[in-house]
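Each remark here refers to the structure printed beneath this line.
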Amino acid sequence: MTLLLPFAASGKELFVLKALLQSFAQGTGLKVNFHKSCLIPINVSEDKAEMLAGVFGYRTGSMPFTYLGLPLGTTKPRVIDFAPLVDRIERRLSANSAFLSNGDRLTLMNSVFSSLPTYYMCILQLPKSVIENIDRARRHCLWRGGDINSNKKSLVAWDKVCKPKVKGGLGVINLSIQNQALLLKFLDKFYNRRQVPWVSLIWSSYYENKVPHLAPIKGSFWWKDICKLMDIYRGISRCILGNGSSCSFWDDIWSDGPPLSLHMPRLHSFAINKNVSVQSFLPVSVEEQFQLPISQQAYDELLSRSDTITEIDLFGDNDSWAYIWGNLKYASQKYYALNFRAMQPPQCFVWL
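Heads up: the sequence shown begins at 108 in the working numbering, then just goes up one per residue.
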C-alpha cells in the first residue's frame, strides 16, 4: 500500500504520526516499512529535514518525485518527467507490432498505445511535445510496424486517422482533445461545488464572492492549467441560476438564447461594469448600471429583454451548470464526440 502523509515540519507532529502508524500496524497487521519510506521537505532547511527524518529512520528526498506513477511536485512537470511514459510506449512498439497486419496494428494501437497515456491525462495537461512523441510512436505502430527508424511513409494524414469511423477516419483517439475532455471533469466538480475538499479549498481561497472566470488566475500550476479550459467549459454549458454568484450577467448563458453581450451588443457597450455577476447586477437600478445617456438602439435592446431581467428569481442555493447535450452530468465521451459533430464524412461513406 502506498501512502502520502502531509504534516507540518514539527517534531511533536512527527512523534504523534509515528504513534498512529504503530497503532495502525498493531490493529491491522500491516507494518510500515520505514526503510522504503522517504521524507520530502518543503521550505525546510536541510539540517532540520535530516533531524526529522532521523526520528523514523527515513531517507530524505526532493521534489519532483513519482507518486502512484505520476510526477508530483510544487512546479509544473518538465517534459523529461514524462519520459517513462514515452519509453514504455516505444518498448511495446518494438516488442508487439513487428509481425502484425495493418488491421491488427490498428487494434493494438487503440487498445494499448492510446490507453497508456490516459492515467496521466486524467490529472495533468500533457505538454504538446509529449503528445507529439506519443503520436510519432502510434504512427510508427500503424504504418511501419516495430521498426522505429523505418522511413516508410504514412498512407493517410494523421488528422484523418484520428477522425471517428463514422466521419471517415480510423477511430484513433485524438490525445489533445481526449486530454481536454478528461480535465474538464474537474471544472464540472468545481462549478457545481461538489462535496470534495479541493473544491471547497479553491472556492474559499480565491473566489469568495467572485465569478471564477472573471477573476485573475491564481493558484498552483495544476489549477492554472485547469483554468485555461474555463472558456471551453462555458461554451458547452449553461448556468441554472441559484444565487447567481458564479455566473457572469453578460458573458454566460443563463437565459434562453446566446449570452446577453452578444444578444444586446449596443447595450453592453454602455455597461459600466462588464464583469458583473447576475447576483450583483439585479439589486442595482438600471440607471446605475449604464453610462447615460444610452443610444436609442441600446434602449430598444433593453426593452426587448426587460421582462427576462425583471423576472429573474434568485435562491439561496449555489448555481448549477447543465450541458448542451441535454444532461446535468458531465461526460468526457460526449465532449469528445462534440468536437467532430460538424465534420461531414466523405462521399464514399454516405451509403454506410
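Beta carbons are placed, not taken as given, at the ideal position from N, Cα and C, and that holds for glycine.
Here DSSP, grouped into helix, strand and coil, assigns Ser413 to helix. About 7 Å separates the beta carbon of Gly118 from that of Leu159, a gap short enough to meet the 8 Å contact definition. Rounded to the nearest angstrom, the gap between the Cα atoms of Tyr314 and His247 is 46 Å.
Contact between Leu308 and Leu421 fails: their C-beta atoms lie close to 26 Å from each other, not under 8 Å.
Secondary structure of Ala116 (DSSP, three-state): coil. Closest in C-alpha terms to Ser368, from the list Gln403, Asp332, Leu409, comes Leu409. Ala378 has Phe397 as its beta-bridge partners, per DSSP. For the options Ile416, Phe397, Arg243, Trp305, the alpha carbon positioned closest to that of Trp361 is the one of Ile416. Looking from the CA of Ile149, the closest CA among Gln133, Leu137, Phe172, Val139 belongs to Phe172. Looking at the DSSP output, Arg166 sits in a beta bridge with Cys145.
For the 7 Å CB-CB criterion, Ile238 and Leu282 form a contact. Taking 3 residues as the minimum length, the beta strand (DSSP E) runs contained wholly in the segment 342-376 are 344-347, in order along the chain. Membership of Ser236 in the alpha helix (DSSP H) is indicated by the continuous run 235-246.
With 16 or more other Cβ atoms inside 10 Å of its own Cβ, Ile333 counts as buried. Cα atoms of Gln386 and Trp432: separation of roughly 27 Å, rounded to the nearest angstrom. Here the alpha carbon of Ile324 sits roughly 6 Å from the alpha carbon of Lys331. Around the beta carbon of Ile187, a 10 Å sphere encloses fewer than 16 other beta carbons of the protein chains shown; the residue is thus reported as exposed. Residue pairing by DSSP places Asn434 opposite Tyr430 in a beta bridge.
The beta-bridge partner set that DSSP reports for Pro178 consists of Thr173. One alpha carbon belongs to Thr167, the other to Phe122, and they sit about 17 Å apart. Lys270: not part of any alpha helix (DSSP H); DSSP gives it neither H nor E. Going by DSSP, Ala449 is part of no alpha helix (DSSP H) at all; its letter is neither H nor E. Residue environment for Ile196: buried (at least 16 other C-beta atoms within 10 angstroms of its C-beta). A buried status is given to Phe293, since no fewer than 16 other beta-carbon atoms sit within 10 Å of its beta-carbon. Taken in chain order, the complete alpha helix (DSSP H) segments of 4 or more residues contained in the segment 259-341 are 265-268, 282-298, 304-313, 328-334. DSSP places Ser152 outside both helix and strand once states are collapsed to three, so it counts as coil.
One Cα belongs to Asp426, the other to Arg245, and the distance between them is close to 42 Å. For Gln440, the enclosing alpha helix (DSSP H) covers residues 439-445. Secondary structure of Ser218 (DSSP, three-state): helix.
No residue range can be given for Phe206, since it is assigned to no alpha helix (DSSP H) and is classified by DSSP as neither H nor E. Under the criterion of beta carbons closer than 8 Å, Leu289 and Met228 qualify as touching, at roughly 5 Å. In the three-state reduction of the DSSP assignment, Ser392 falls in the coil class.
Sequence-distant Cβ neighbours of Ile280 in its own chain, meaning closer than 6 Å and more than five residues away, are Ser221. Secondary structure at Ser384: strand, using DSSP grouped into helix, strand and coil.
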